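> Pasting a structure here, questions to come.
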Amino acid sequence: MGTVKHLDSVMFLVTTRPDRRDYKHSDKMIKRKMYTYKSGIVQIDQVTGGFDSGTNILILAPPMSAADQLAYALTKPLAGEYAIVLSTNERAAEVVDAFKLAGADKRFTGVIDAITKSSTPSIVDTPRLMFVSSPTDLTGIGIKFSNMVETIFEGDFSDGETGLFPPPIRFCVNSISTLLMYRRLEVLYQFLHVLTAKLKKIEGVGVYLLSSESFDDKTLSLIKQLMTCVIEVKVEQNVNYLRLRGVSGVNGEWMKFSVSKGQVTILP
Amino acid sequence: MISTGVSGLDEMLGSGIPKGSRALYSLEPGVDGQLFMISTLSCALAKKLSCLVILPNTTVDAFRNDAAKMYGARLDLASGPVTFIDAIDRERIQKSSQSPQIRAREWKRRIQKLCRDHNVDVVFAYFDLLYEEFGLDTATEIVTSAQERDRDKKVTLVIEHLNLEGAELLDKVINEGKFDLVLAIRSSFRPFPQFNYFTLVHTSWAQLPVRSVPFIIAEGRVIPYIPRIVVTGPANSGKSTFVINAADEGHSIDRRGFGGDMTTVALDFGWLRWKDFDITVYGTPGHTRFDPLLPPYLRHAMGVVVVIDATKPDLLPRARHLISLITKRRIPYAIAANKNDLPGVMTLDQIRGELGIGGEIPLFSITAERKSDVNFVLESLVDSITQFSY
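As structure tokens, this is what we get:
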């Protein structure tokens, strides 16, 4: 990944990088156009150009599907981008390995780990790996998220390497299902409401995994209210299918897909 | 009184939290405010007060590690008089019964037993899981059961709560008289930088105005932060000298004027730590040609010092004009009548009369070359800022 200079080079970046759109003159002020996050799925990117910043995507999937890999593929940071994963069911090291396998630069990937600390209370935070005591600890999760975002903005995240500025951040929760096991729906809804709103403010994109089989309609419908679009996943005869809801221009038909090394391929 | 460990906050509260009262630290999601509770706990332990910490969402070991990382070696959780109820106890209580009433009774029983066995003076409780499980009334009853057990003992209660309902919840607990102190710890989640502040929303023991103070976390401490005090006044009144003597570090951008004397042409800038506040001071140029700079300086100022030359009555109309700009913006301010070591100094009454200001505006006769005089003005202004009703 190429080094992109911080702060001093903002104007240079926004006017020369192909994936960062130009400033545009309006009547009274100069306003930067929103950043667009490539999904990596050709069929989506060709039609929409990718996900607009501030998009929150719910992946609704049954257990034992390729939903985890799909979520990580959508969260994988491209050149100049950053990723933060809130991991409620995998240790930070496992998440980092999964991203590495998907071809992500680990210097641009951070994990908020809600698993490890319960067995290793003395574990120490680093700029890219932060730990909360358990998935019940919403106070800690909120603080670590803010701290990690701030670290990215301050340029202290990636061992001296810097990405674009303002930093495009992909955020993934793997998964809401685990959080729902520990906290009541209404509480989690309020918490996610704040989190998704913050993500919009920083012009990030969010990917949230939720099991489609473990919760009632009320739960699914309340969580969907916080989202911009939904990717539904199903498995039939060991083949994964997905369909998109809420992305204009993309048809809502079921499509076969596979994920390999962080690349999502729509199969014929 | 129990100190919060945040000197600026203690001063606002009148030296801390009164014994036997109930304090609520309400945290907005994402705001780095856990140090308020930890520093209050540390102060209680330093005074050898016996403490009970209720930690429904974590284990004692994880809490010790987190607290040590946040607060350093100053927090003596290992040998201090402290006992815990943690997530493991919560799990046991949850497994003990399906009935919320029975579980609530079990919580109260355990809290009261620990308070009795350890003669607890202060209870610290992380509230949000209890609130979620039992609702506001029962959860409050659980954590206040220590106070109910022995009213003469005057057990103090300090609660940290992740407040997902915002002002609605705060209004409710204040209206119902559930807490004596309500401190809201908030952040404006701007991308860069994040901006944290605390608001003193309610105190039952004094009629204090609602006030907000930004803070930073540094060196394991909560440091109230006054991001901008502006020092203004007519030209050659001694503003640069004031800023330089106020600051631990300061700079002035001056050029030689037509008369051969040095005059500020850009701004004076200084940074200081005063009474546990981090303060940044900006001095404006005094000449009228720089007046367009003033509104943007004043826009985000939390306080203003108007420096005047007490030997030059002819410059007071200019000072009066500057004061009118400040009062329009409702910013607390103090006036420093400089050069009191020179002949021909006006009296303070004369100055008040000429400037048209009442006795409520702090006015000090100083020489800006004396650091102690400058500090006196700043102390008064910081007091005004922390007591100002925004």
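So the protein lines, in turn, are chains C and L. All residue numbers for the first sequence refer to my numbering, where the first residue is 1 and numbers rise by one. All residue numbers for the second sequence refer to my numbering, where the first residue is 269 and numbers rise by one. C-beta: ideal position from N, C-alpha, C; glycine also. Predicted, not measured: the structure shown is a model, and the values here were computed from it.
For a cutoff of 7 Å on Cβ pairs, would you count P121 of chain C as touching chain L?
In the first sequence, counting from the first residue as 1, residue 121 of chain C sits at position 121. Yes, P121 of chain C lies at the interface with chain L (some Cβ there is under 7 Å from its Cβ).
> Within 8 Å, do at least three Cβ pairs link the region 329 to 343 of chain L to the region 176 to 184 of chain C?
With the cut-off at 8 Å, the region 176 to 184 of chain C and the region 329 to 343 of chain L do not touch.
> Strictly below 8 Å CB to CB, what residues from chain L border S134 of chain C?
Start at 1 with the first residue of the first sequence, and residue 134 of chain C comes out as number 134. Near S134 of chain C (Cβ distances below 8 Å), the residues of chain L are N325, T326 and A355.
> Could you check which residue in L:G288, L:C383 and L:N608 has the C-alpha nearest to that of F352 of chain L?
By 1-based counting over the second sequence, the position of residue 352 of chain L is 84. That would be L:C383, whose Cα lies nearest to the Cα of F352 of chain L.
> In angstroms with no decimal places, state the Cα-to-Cα distance between A452 of chain L and L226 of chain C.
Here residue 452 of chain L refers to the residue found at position 184 when the second sequence is read from its first residue. Here residue 226 of chain C refers to the residue found at position 226 when the first sequence is read from its first residue. About 26 Å.
> Tell me, please, whether the CB atom of F51 of chain C is closer than 7 Å to any CB atom in chain L?
Counting from one through the first sequence, the residue named residue 51 of chain C turns up at place 51. No, its Cβ sits nowhere closer than 7 Å to a Cβ of chain L.
> Any C-beta of chain C within less than 9 Å: which residues of the region 284 to 299 of chain L qualify?
Listed by position along the chain: L295, E296, P297, G298 and V299.
> Find the residues of chain C that neighbour A330 of chain L, judging by a C-beta separation of less than 8 Å, and give them in chain order.
In the second sequence, residue 330 of chain L corresponds to position 62, counting from 1. Per Cβ cutoff of 8 Å: K117, S118, P121 and S133.
> Please list, in chain order, the chain C residues whose beta carbon lies closer than 7 Å to that of L397 of chain L.
The residue labelled residue 397 of chain L in the question sits at position 129 within the second sequence. Residues of chain C passing the Cβ test: T136.
> Using only the heavy atoms of the ligand FMN, determine whether one of them is closer than 6 Å to the beta carbon of G140 of chain C.
This structure lacks the ligand FMN; in fact it carries no ligand of any kind.
> Quick one: using the 10 Å Cβ neighbour count with 16 as the cut-off for buried, is E436 of chain L buried or exposed?
Here the question's residue 436 of chain L lines up with position 168 in the second sequence. The residue in question, E436 of chain L, is exposed, as its Cβ has fewer than 16 Cβ neighbours within 10 Å.
> Name, going along the chain, the residues of the region 143 to 176 of chain C whose beta-carbon falls closer than 7 Å to a beta-carbon of chain L.
Those would be I143, F145, S146, N147, E150, F153 and P166, in chain order.
> Identify which residue in C:N240, C:G110 and C:E236 has its Cα closest to the Cα of T126 of chain C.
Numbered from its first residue, the first sequence carries residue 126 of chain C at position 126. The candidate whose alpha carbon is nearest that of T126 of chain C is C:G110.
> Is there a C-beta anywhere in chain L that falls below 7 Å from the one on Q190 of chain C?
The sequence position of residue 190 of chain C within the first sequence is 190, counting from 1. With 7 Å as the cut-off, Q190 of chain C counts as an interface residue toward chain L.
> Comparing C-alpha positions only, which one of L:V478, L:D300, L:K639 and L:L590 sits nearest to L146 of chain C?
The count along the first sequence starts at 1 and reaches residue 146 of chain C at position 146. The identity of residue 146 of chain C in the sequence shown is Ser, whereas the question assumes Leu. Among L:V478, L:D300, L:K639 and L:L590, the Cα nearest to that of S146 of chain C is on L:D300.
> How far does the alpha helix (DSSP H) with R170 of chain C in it extend, from its first residue to its last?
Residue mapping note: residue 170 of chain C aligns to position 170 of the first sequence, counting from 1. First-last for R170 of chain C: I169 to N174, but that is the beta strand (DSSP E), not the alpha helix (DSSP H).
> How would you write the range of the alpha helix (DSSP H) that S275 of chain L sits in, first residue to last?
Here residue 275 of chain L refers to the residue found at position 7 of the second sequence. Taken as a continuous stretch (DSSP letters only), the alpha helix (DSSP H) holding S275 of chain L covers S275 to L281.
> Output the distance between the C-alpha atoms of D418 of chain L and I361 of chain L, rounded to the nearest integer angstrom.
Walking along the second sequence from the start, residue 418 of chain L turns up at place 150. Walking along the second sequence from the start, residue 361 of chain L turns up at place 93. One C-alpha to the other measures close to 24 Å.
> Between N387 of chain L and chain C, is any beta-carbon pair separated by less than 7 Å?
To locate residue 387 of chain L, count along the second sequence from 1; it is residue 119. Not an interface residue.
> Determine whether the beta carbon atoms of L561 of chain L and T500 of chain L lie at a separation below 7 Å.
Residue 561 of chain L sits at position 293 when you count from the first residue of the second sequence. Residue 500 of chain L sits at position 232 when you count from the first residue of the second sequence. Result no, Cβ atoms of L561 of chain L and T500 of chain L do not sit closer than 7 Å.
> I'd like to confirm the pairing. Which residues does DSSP put opposite F632 of chain L in its beta bridges?
As a position in the second sequence, residue 632 of chain L is number 364, starting the count at 1. Beta-bridge pairing links F632 of chain L to L:A604.
> Hey, out of C:V250, C:E236, C:W254 and C:G249, whose CA is closest to L242 of chain C's CA?
Within the first sequence, the letter at position 242 stands for residue 242 of chain C. Out of C:V250, C:E236, C:W254 and C:G249, C:W254 has the C-alpha closest to the C-alpha of L242 of chain C.
> Can you list, in chain order, the residues of its chain whose CB lies under 7 Å from that of P459 of chain L, leaving out five sequence neighbours each side?
Along the second sequence, read from residue 1 onward, the residue named residue 459 of chain L stands at position 191. Bear in mind that the predicted position of P459 of chain L carries a pLDDT of just 47, short of 50, making it too unreliable to give a figure here.
> Once DSSP output is grouped into helix, strand and coil, what is the label at S26 of chain C?
For this step, residue 26 of chain C is matched to residue 26 along the first sequence. Confidence is the limiting factor: at S26 of chain C the pLDDT is only 35, short of 50, which leaves the residue's position unreliable, though a coordinate-based value still follows. Coil.
> Within the continuous alpha helix (DSSP H) that includes I202 of chain C, where are the two ends?
Within the first sequence, residue 202 of chain C is the residue found at index 202, counting from 1. No alpha helix (DSSP H) holds I202 of chain C; DSSP gives it neither H nor E.
> Let me check understanding here. Comparing Cα to Cα, which of C:P268, C:L267 and C:N240 lies closest to M64 of chain C?
Sequence index remark: in the first sequence, residue 64 of chain C carries index 64 (1-based). Cα-wise, what sits closest to M64 of chain C is C:N240.
> Just verifying my parser: in three-state terms, what is the DSSP assignment at A515 of chain L?
The residue you call residue 515 of chain L lines up with position 247 of the second sequence. Coil, per DSSP.
> Could you pull out every residue in the same chain whose Cβ sits closer than 7 Å to the Cβ of R597 of chain L, ignoring the five residues on either side in sequence?
Taking the second sequence and counting its residues from 1, the one referred to as residue 597 of chain L is at position 329. For R597 of chain L, where only same-chain residues beyond five positions count, the Cβ hits under 7 Å are L566.
> P630 of chain L and A602 of chain L look like a contact to me (Cβ under 8 Å); what is the Cβ gap, rounded to whole Å?
As a working mapping, residue 630 of chain L is identified with position 362 in the second sequence. As a working mapping, residue 602 of chain L is identified with position 334 in the second sequence. At roughly 4 Å, the Cβ-Cβ gap stays under 8 Å, so P630 of chain L and A602 of chain L are in contact.
> Which of the three DSSP states, helix, strand or coil, is assigned to R32 of chain C?
Within the first sequence, the letter at position 32 stands for residue 32 of chain C. Residue placement at R32 of chain C is poorly supported in this model, since its pLDDT is 49, which falls under 50; the coordinates are not used for a value here.
> With burial defined as no fewer than 16 other Cβ atoms inside 10 Å of the residue's Cβ, what is the status of V47 of chain C: buried or exposed?
Mapped onto the first sequence, residue 47 of chain C falls at position 47. Counting Cβ neighbours within 10 Å, V47 of chain C comes out exposed, since fewer than 16 surround it.
> Taking buried to mean at least 16 other C-beta atoms within 10 Å of its own C-beta, is A346 of chain L buried or exposed?
For the purposes of this step, residue 346 of chain L is taken as residue 78 along the second sequence, with counting starting at 1. Exposed is the call here.
> Which value, in whole angstroms, describes the spacing of the CA atoms of L277 of chain L and A114 of chain C?
Within the second sequence, residue 277 of chain L is the residue found at index 9, counting from 1. Within the first sequence, residue 114 of chain C is the residue found at index 114, counting from 1. Approximately 33 Å between the Cα atoms of the pair.
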